[in-house]
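**Student:** Here the sequence shown is numbered in our numbering, starting from 37 and rising by one per residue.
Cβ coordinates follow ideal geometry from the N, Cα and C atoms, glycine included.
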Amino acid sequence: MDGMSSSAAPAPATPGTTSLDPAVAARLSRNADGLLPAVAQQYDTGEVLMMGWMDDEALHRTLTTGRCTYWSRSRKEYWVKGDTSGHVQHVKSVALDCDGDTLLVRVDQVGAACHTGERTCFDADVLLAEADAPGPAQGR
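#1: To the nearest angstrom, how far is the alpha carbon of Met86 from that of Ala76?
#2: Quick check on Arg97: buried or exposed, where buried means 16 or more other Cβ atoms within 10 Å of its Cβ?
#3: Three Cβ pairs or more, each shorter than 8 Å: is that satisfied between the stretch 147-166 and the stretch 118-129?
#4: I'd like the list of long-range same chain contacts for Gly88, defined as Cβ closer than 6 Å, with 5 residues on each side in sequence excluded.
#5: Per DSSP, which residues does His126 bridge with? Please list them.
#6: By the DSSP assignment, the alpha helix (DSSP H) with Pro172 in it spans what residues?
#7: Can you tell which of Gly153, Arg142, Ser110, Val143 has its C-alpha closest to the C-alpha of Pro46?
#8: Take every Cβ of the stretch 90-104, pair it with every Cβ of the stretch 52-72, and state whether three or more of those distances are shorter than 8 Å.
#9: Could you name each continuous alpha helix (DSSP H) segment of 4 residues or more that falls completely within the stretch 50-110, going from the start of the chain to the end?
#10: Just how far apart, CA to CA, sit Cys104 and Lys112?
#11: Taking the alpha carbon of Glu83 as the point to measure from, which residue in Phe158, Ser65, Leu132, Leu164 has its own alpha carbon closest?
#12: Spatial neighbours of Asp137 within its chain, please: CB distance less than 7 Å, with the 5 preceding and 5 following residues excluded, ordered by chain position.
#13: May I have the straight-line CA-CA distance separating Arg142 from Thr100, to the nearest angstrom?
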């Protein structure tokens, strides 16, 4: 043991306990951990950059600061994209999908979006390339 008391690990904010506009909070459909996936997309090219998790507080911070704030499930803390790497995401718009369970954050990405140093988190592991994609059904 490290000598610290055994208290509960930090957790995402409980809905209704943050400064997020209650009208916005009421529209969110969160997972069991109180989180929503937030897809970051380059605002001018449409390039999908990454996916992170947001709770009500992270969304509030994102909407009010103009910088993407995410909830780290591994570190159990908030992180502002670019605070340590310099690879900042300047928020241009935030949209909620039709089911209220996913956010689309359109950003102006400075530098790499992925923690690996790649521009996007979707460059390295392509499961199906456009050239290999099945075509429309024939003979219908």
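**Tutor:** Taking the structure as given:
#1: 5 Å
#2: buried
#3: yes
#4: Ala74, Tyr106
#5: Arg103, Asp144
#6: Here Pro172 belongs to no alpha helix (DSSP H), and DSSP marks it neither H nor E.
#7: Ser110
#8: yes
#9: 58-61, 92-101
#10: 16 Å
#11: Phe158
#12: Ser65, Leu72
#13: 15 Å
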